[in-house]
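K.L.:
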Amino acid sequence: MQQTNLSLKKLKGIKPKGVKVKPSSNLDHLFELRDVIMRDFELKRSTVYTEERYDVLYEIVSDKLADVDFTEDDLSAFIVADAQEFHEFMFKADIGDDEADINGLYSGTLLHLLTERNEKLNKRTYVHIDGQGGIFNMLFNFVRKADVVIVENMHGTYCCRCAGSFNGYFTVLAANNLTGMSVFNAVASHNGFGVSVFGNNINDIQFAGGAGNYEGKLSYLVAEELKYHNNLNHIGFRGNVDFVGVKNALVVSQLGEVNKFVGYNIEHFSEKNPGSSEIFLNTPEAEELYENSFQKKQFDQIFNSNLNFADREAVLKATEHQYKIIQELKKKREI
């Protein structure tokens, strides 16, 4: 790793922007540290790999927030407020790629830290983000460890990019009604692993491209209503994805190592899929297999009309099957 140039100043006296919070609240601390990092964290993309910058930033965040016992609700409130702030000032603010990248890495380290703290207490972690139409580019960027994350009603590029990668993991990542390119790009890649990825009503290109690649492993990926092109491009490349199910998609691009692909109502499908063992496409059999797999893998318990994403206990109960799988995988890898 290259030498870093970090000049992090004390939190005292720094006020959060764009949101009114009670003094000394957990949310106040999250915004204060964000403002310091955005101003003083000088490890730019042009000099150091993102995963290395993430590691440096995680050490800083875990140290600065050692005495701040923030919760799932605090983290969700921070993300929503940040997204609304950016939405309001997007035409005025001077926010470049580096700033968006670092802000996204910061959100990823917060989720990672919260997940690790809960694991030590034998507790699960569920973060539900209803973005209310706000904008957050690179949300949970490179988050190393996560349990269940559901993001909906938001705009932003590279949502959860490389989540659970670089020897990391996650239980469930779900995106509902998102607009932004490369949602869930390269998740569970680079020797990382995840159980389930869901996408519904994704309104931009390249959903889940590169998922499970480069020695990564993803058990299940299910997506519906993919409105643009280059979706699932090279998933499982030099890695593995066990099952992929897609319903109602404009384009599904070239797959990598996928053990079983089932899709119907797909307008364009790449014919070059040398790593896929079984492909069922746009036939009555494919439709039946998709619906049966949806129920067999217990996806229907997560995405059904009766499940309220704001109901934490209901969501955790619906993801118990996936959580058991991730625990078994962690034991095998001695994590």
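Heads up, the sequence shown is in my numbering, so the first residue is 1157 and it goes up one at a time.
Heads up, the beta-carbon is just placed ideally off N, CA and C, and yes, glycines get one too.
1) Could you compute how far the alpha carbon of Q1451 sits from the alpha carbon of D1191?
2) Starting from M1294, follow the beta strand (DSSP E) in both directions and report where the run begins and ends.
3) Go ahead and pull the three-state DSSP assignment for H1424.
4) Nearest to G1336 by CA position, among V1418, E1381, N1462, F1292, is which residue?
5) Could you check where the alpha helix (DSSP H) with D1184 kicks off and where it finishes?
6) Report buried or exposed for D1303, applying the criterion of at least 16 other Cβ atoms within 10 angstroms of its Cβ.
7) If we count the other Cβ atoms within 10 Å of its Cβ and call it buried at 16 or more, is Y1205 buried or exposed?
8) Less than 8 Å between C-beta atoms, sequence neighbours within five positions excluded: which residues of the same chain meet that for T1439?
9) Might you give, ordered along the chain, the residues of its own chain that have their beta carbon closer than 6 Å to the beta carbon of F1393, omitting 5 neighbours on each side?
10) Using 10 angstroms around the beta-carbon of S1338, count the other beta-carbons present and answer buried if the total reaches 16, otherwise exposed.
11) Applying the criterion that 16 or more other CB atoms from any shown protein chain within 10 Å of the CB defines a buried residue, is S1433 buried or exposed?
12) Report the CB separation of I1117 from I1285 in whole angstroms; it is logged as a contact under 8 Å.
13) Does DSSP put F1247 in a helix, a strand or coil?
14) Look at the alpha carbon of M1185 and the alpha carbon of K1220, and state the distance between them as a whole number of angstroms.
15) Quick one: what's G1350 bridged to in DSSP?
16) Classify R1195 as buried or exposed, calling it buried when 16 or more other Cβ atoms lie within 10 Å of its own Cβ.
17) What are the partner residues of V1435, as DSSP defines its beta bridges?
18) Quick check on the burial criterion: 16 or more other C-beta atoms within 10 angstroms. Buried or exposed for D1225?
19) Kindly indicate the opening and closing residues of the alpha helix (DSSP H) around F1465.
P.N.:
The relevant details are as follows:
1) Counting from 1 along the sequence shown, the entry for residue 1451 is found at position 295. Counting from 1 along the sequence shown, the entry for residue 1191 is found at position 35. Roughly 45 Å separates the two Cα atoms.
2) One-based indexing of the sequence shown puts residue 1294 at position 138. Careful: M1294 lies outside any beta strand (DSSP E) and carries neither H nor E.
3) Locating residue 1424 in the sequence shown gives position 268, counting from the first residue. Strand, per DSSP.
4) Indexing the sequence shown from 1 puts residue 1336 at position 180. Nearest of V1418, E1381, N1462, F1292 to G1336, Cα basis: F1292.
5) The residue given as residue 1184 occupies position 28 in the sequence shown. Counting along the chain, the alpha helix (DSSP H) containing D1184 begins and ends at 1182 to 1196.
6) Position 147 of the sequence shown holds residue 1303. D1303 is buried by the Cβ-count criterion.
7) Here residue 1205 is taken as the residue at index 49 of the sequence shown, counted from 1. The residue in question, Y1205, is exposed, as its Cβ has fewer than 16 Cβ neighbours within 10 Å.
8) Stepping through the sequence shown from its first residue, residue 1439 is reached at position 283. Taken in chain order, the residues that qualify are Y1420.
9) Within the sequence shown, residue 1393 is the residue found at index 237, counting from 1. These residues qualify, in order along the chain: N1369, G1412.
10) For this step, residue 1338 is matched to residue 182 along the sequence shown. Result: buried.
11) Walking along the sequence shown from the start, residue 1433 turns up at place 277. Under this definition S1433 is an exposed residue.
12) Absent from the model: residue 1117. The displayed extent of the chain is 1157 to 1491, so no value can be given.
13) Locating residue 1247 in the sequence shown gives position 91, counting from the first residue. Residue placement at F1247 is poorly supported in this model, since its pLDDT is 39, which falls under 50; the coordinates still yield a value, given next. Here F1247 sits in coil by DSSP.
14) Counted from its first residue, the sequence shown places residue 1185 at position 29. Counted from its first residue, the sequence shown places residue 1220 at position 64. Just to set this straight, residue 1185 is His in the shown sequence, not Met. Between H1185 and K1220, the C-alpha separation is close to 9 Å.
15) Translated into positions along the sequence shown, residue 1350 becomes position 194. Looking at the DSSP assignment, G1350 forms a beta bridge with F1326, L1374.
16) Residue 1195 sits at position 39 when you count from the first residue of the sequence shown. Exposed is the call here.
17) Along the sequence shown, one-based indexing puts residue 1435 at 279. Note that residue 1435 is Ile in the sequence shown here, rather than Val. BP columns for I1435 point to F1417.
18) The residue given as residue 1225 occupies position 69 in the sequence shown. Exposed, since its Cβ has fewer than 16 Cβ neighbours within 10 Å.
19) For the purposes of this step, residue 1465 is taken as the residue at position 309 of the sequence shown. Segment: none, F1465 is in no alpha helix (DSSP H) and carries neither H nor E.
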